[in-house]
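Enquirer: Chains as they are written, first to last, in the numbering used here: chain A, 357 to 566; chain B, 357 to 566. Every residue gets a Cβ at the ideal spot worked out from N, C-alpha and C, and that includes glycine. Okay, here's the structure, questions in a sec.
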């Protein structure tokens, strides 16, 4: 086992989790994967990029096929042909996430990466949340969402991410014990959040170096 | 509003939360309150210390009285006389926790302090968890619990703390969004956990200093 570290980031919508992931990767000098996973999945699978964008972090609407889904089977993408499109997308991204984790240190945002890599002892799982008022401030100023739509938009995205997570992992999104570190980024902001995660990474590296 | 900081620590049994709290208080040079709350509650109330020890972090067994309980009423301990003993203990400790928070910076472990102080903007709420294997290792070596009883003992304490928390706060124990920082202490250990919390405290102090 090499001593490289994979950091997965789950994030509430508007919590700044994506930006924290980007800045953390930059500070640690390691690659960062978020939307990049879509491009890679499209390239490797031969499916169009539009399909991955449309299905990104959405749970399957068909319960019928899901009983046989096991992330472990995604290695060679066997059995994928008969599955609903969302599940194909999940399994293809599952495969890519494992390839990236095998290759070296990186930061991966979303897409149940914490669950997909749960057998990797060198994986650090982070959950970023923030209070509603801070998230509204963030998405209205950064994403240009109107104030009147902001809270509804946050609830819609959070619900989608929570459904996606529980659908494929059979556990709940945002339960502290599912992560190594959960952080409310709202009061302290992006840069201080990066510092907190870096302190955890240092502790983990010290453990791995023993 | 002064710039002092109150740090509350909720902790799974065997996660080392108490020791992390102690070391954090020492590192920050501020007082630490855990079992000390029992002594203070006994002194202020005139009840015996044994009552507080027996009722400590236990939910009331009587649902009948709880509908009228509101932590806000505990200020002058009015209306306490007619309540079940657990609720009296909760309200007396509630009162003491608020007195301590008003007085200056400190670390308070357990007893729903995060909820009791939820209107305090200078309060940092931490949840410490750890994997079962690490917790078993900890309570067998530090508390001398036998290996055969360890897992059952952990489940018993966790259930009691979760019940106590949900009974008095009407929310769930260990949900990431209820805290500023949740930390799995198991892999990185006590000292590195203290460093992570210190990094968060630095971020919060910088925000308060703005």
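Given a limit of 8 Å on CB to CB distance, which residues of the stretch 552-564 of chain A reach chain B?
Expert: Residues 552, 554, 555, 556, 558, 559, 560, 562 and 563.
Enquirer: Are the C-beta atoms of residue 468/A and some chain B residue less than 8 Å apart?
Expert: By this cut-off, residue 468/A is not an interface position.
Enquirer: Between 546/A, 548/A, 515/A and 398/A, which lies nearest to residue 369/A when the distance is taken from Cα to Cα?
Expert: The shortest Cα separation from residue 369/A among 546/A, 548/A, 515/A and 398/A belongs to 515/A.
Enquirer: Just the chain B side, please: which residues come within less than 8 Å of residue 523/A by C-beta, in chain order?
Expert: None at all; the shortest Cβ gap to chain B is about 19 Å.
Enquirer: Kindly provide the ranges of any beta strand (DSSP E) runs that are 3 or more residues long and lie completely inside the stretch 425-507 of chain A, ordered along the chain.
Expert: Taking only runs of at least 3 residues, the beta strand (DSSP E) segments lying wholly in the stretch 425-507 of chain A are 462-465 and 479-485.
Enquirer: Quick check: the Cα distance between residue 390/A and residue 454/B, rounded to an integer number of angstroms?
Expert: Approximately 44 Å between the Cα atoms of the pair.
Enquirer: Check residue 366/B in the structure and name its three-state DSSP category.
Expert: Here residue 366/B sits in strand by DSSP.
Enquirer: Short of 8 Å in beta carbon distance, which residues of its chain neighbour residue 486/A, apart from the five on each side in sequence? Order them along the chain.
Expert: If we look at residue 486/A and ignore the five residues flanking it on each side, its Cβ neighbours are 368, 370, 371, 372, 494, 540, 541 and 542.
Enquirer: Given a cut-off of 8 Å, decide if residue 388/A and residue 498/A are closer than it, judged by their beta-carbon atoms.
Expert: Going by C-beta atoms, residue 498/A is not nearer than 8 Å to residue 388/A.
Enquirer: Taking Cβ positions, are residue 557/A and residue 480/A nearer each other than 8 Å?
Expert: Yes. Within cutoff.
Enquirer: With a threshold of 8 Å between beta carbons, is residue 381/B in contact with chain A?
Expert: Not one chain A Cβ lies under 8 Å of residue 381/B.
Enquirer: According to DSSP, residue 531/A sits in a beta bridge with which residue or residues?
Expert: Answer by DSSP bridge pairing, in chain order: 531/B.
Enquirer: Could you check whether the Cβ of residue 548/B sits closer than 8 Å to any Cβ belonging to chain A?
Expert: Chain A contact via Cβ: present.
Enquirer: Considering only residues of the same chain and omitting the five flanking positions on each side of residue 452/B, which have a CB-CB separation below 8 Å?
Expert: The answer, listed in chain order, is 393, 396, 397 and 400.
Enquirer: Please decide whether residue 533/A counts as near chain B, where near means a Cβ-Cβ distance under 8 Å.
Expert: Yes, residue 533/A lies at the interface with chain B (some Cβ there is under 8 Å from its Cβ).
Enquirer: Name the DSSP beta bridge partners of residue 540/A, please?
Expert: According to DSSP, which records beta bridges pairwise, residue 540/A is partnered with 485/A.
Enquirer: In the DSSP assignment, find the unbroken alpha helix (DSSP H) run with residue 379/A in it and report its ends.
Expert: Taken as a continuous stretch (DSSP letters only), the alpha helix (DSSP H) holding residue 379/A covers 373-384.
Enquirer: Could you tell me which of 457/B, 474/B, 484/B and 446/B sits nearest to residue 467/B, measuring between CA atoms?
Expert: Checking every option, the nearest Cα to that of residue 467/B belongs to 446/B.
Enquirer: Less than 8 Å separating the beta-carbons of residue 564/B and residue 478/B?
Expert: Cβ atoms of residue 564/B and residue 478/B: closer than 8 Å.
Enquirer: Quick check on the DSSP output: the alpha helix (DSSP H) that includes residue 401/B runs from which residue to which?
Expert: Taken as a continuous stretch (DSSP letters only), the alpha helix (DSSP H) holding residue 401/B covers 392-401.
Enquirer: Looking only at DSSP bridge pairs, what is residue 389/B linked to?
Expert: Beta-bridge pairing links residue 389/B to 464/B.
Enquirer: Can you pull the chain A neighbours of residue 537/B, defined as C-beta to C-beta under 9 Å?
Expert: What residue 537/B touches in chain A: 537, 538, 539, 540 and 552.
Enquirer: Against chain A, which members of the stretch 477-507 of chain B pass a CB distance test of less than 7 Å?
Expert: Those residues of the stretch 477-507 of chain B that come within reach of chain A (Cβ to Cβ, closer than 7 Å) are 483 and 485.
Enquirer: Give the interface partners of residue 543/B over in chain A, defined as CB-CB distance under 7 Å, in chain order.
Expert: Simply 560 and 563.
Enquirer: Quick check on this structure: which residue in 442/B, 365/B and 531/B has the alpha carbon closest to the alpha carbon of residue 528/A?
Expert: Comparing Cα-Cα distances from residue 528/A to each of 442/B, 365/B and 531/B, the minimum goes to 531/B.
Enquirer: Which chain A residues are close to residue 530/B, counting only those with a beta carbon under 9 Å from its beta carbon?
Expert: Per Cβ cutoff of 9 Å: 531, 532 and 533.
Enquirer: Counting only beta-carbon separations shorter than 8 Å, does residue 460/A have a partner in chain D?
Expert: In the structure shown, chain D does not exist; the protein chains are A and B.
Enquirer: Distance check for residue 502/A and residue 547/B, CA to CA, integer angstroms please.
Expert: In a straight line, the C-alpha of residue 547/B is about 45 Å away from that of residue 502/A.
Enquirer: For residue 459/B, count neighbouring Cβ atoms within 10 angstroms of its own Cβ and tell me buried if that reaches 16, exposed if not.
Expert: By the neighbour-count rule (16 or more Cβ atoms within 10 Å), residue 459/B is not buried but exposed.
Enquirer: Count the other C-beta atoms from every protein chain shown that fall within 10 angstroms of the C-beta of residue 500/B, then say buried if there are 16 or more, exposed otherwise.
Expert: By the neighbour-count rule (16 or more Cβ atoms within 10 Å), residue 500/B is not buried but exposed.
Enquirer: Exposed or buried, what is residue 534/B when buried is set at 16 or more other beta-carbons lying within 10 Å of its beta-carbon?
Expert: Label assigned to residue 534/B: buried.
Enquirer: Can you look up residue 359/A in the DSSP assignment and give me helix, strand or coil?
Expert: Coil at residue 359/A, not helix or strand.
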